[in-house]
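This report refers to the structure that appears directly beneath it.
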Amino acid sequence: MTDHDGKIATAQDLEHHNYVLVAIDGKAYKTAANEMAPNIEFGEKMHLSGAMCNNFFGQGAIKEGVLTAKGVGMTRKFCADPTLNQLDQTIGQLLEKGATATLHNDGQRLVLSEGKTQLTFELKDHK
């Protein structure tokens, strides 16, 4: 597989890593000043958490490169930024339906995609 196609992600690839959102459907996403970057983080045994507008958490699973997390919990605040509000729905749907998870640039980039929806994240582990 070429880097353009990416590498199919495994649980081992994702666990203990934090990724921040850098693109939505191929268009660059820039976090507003004084805001936390939307992210997804994978912990022990594929426990996942993160935030778009709201915080989310759940038990993830990955099989043959498809990441799922059924019944993801999410806080319910309203954000003034309509893009962030939409991202809450998008990440929930991707995880519920199952998103193809591919790694690019030697694991520096994670792409979650399903149908026409694509979220691109960049590796940014906590120090």
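Start counting the sequence shown at 1; every next residue gets the next number (full-length UniProt numbering).
Built from N, CA and C at the ideal position, the CB exists for glycine as well.
Residue i (DSSP reduced to helix, strand or coil)
i: Lys-27; result: strand
Segment limits, beta strand (DSSP E) that includes residue i
i: Gln-118; result: 117–123
i: Thr-100; result: 99–104
Closest Cα partner of residue i within the set the options
i: residue 128; options: Ser-49, Asn-54 and Cys-53; result: Coverage of the chain is limited to positions 1 through 127, which leaves residue 128 absent and any answer about it impossible.
i: Asp-13; options: Ala-37, Pro-38, Glu-64 and Tyr-29; result: Glu-64
i: His-16; options: Leu-119, Lys-45 and Lys-30; result: Lys-45
i: Gly-92; options: Leu-103, Thr-100 and Val-72; result: Val-72
i: Thr-100; options: Thr-75, Thr-68 and Gln-59; result: Thr-68
i: Lys-7; options: Phe-121, Leu-123 and Thr-102; result: Thr-102
i: Lys-116; options: Asn-34, Asp-25 and Asp-81; result: Asp-25
i: Phe-121; options: Gln-89, His-47 and Phe-42; result: Phe-42
Identified DSSP bridge partners for residue i
i: His-17; result: Phe-42
i: Val-22; result: Per DSSP, none; premise fails for Val-22.
i: Lys-127; result: According to DSSP, Lys-127 bridges with nothing at all.
i: Glu-114; result: Thr-117
i: Ile-8; result: Thr-102
Ignoring anything shorter than 3 residues, give me the beta strand (DSSP E) runs that lie fully in the segment 29–82, in order along the chain. Annotation: the segment 29–82 contains the following complete segments of the beta strand (DSSP E) (minimum length 3 residues), in chain order: 39–42, 47–51, 55–59, 61–63 and 66–68.
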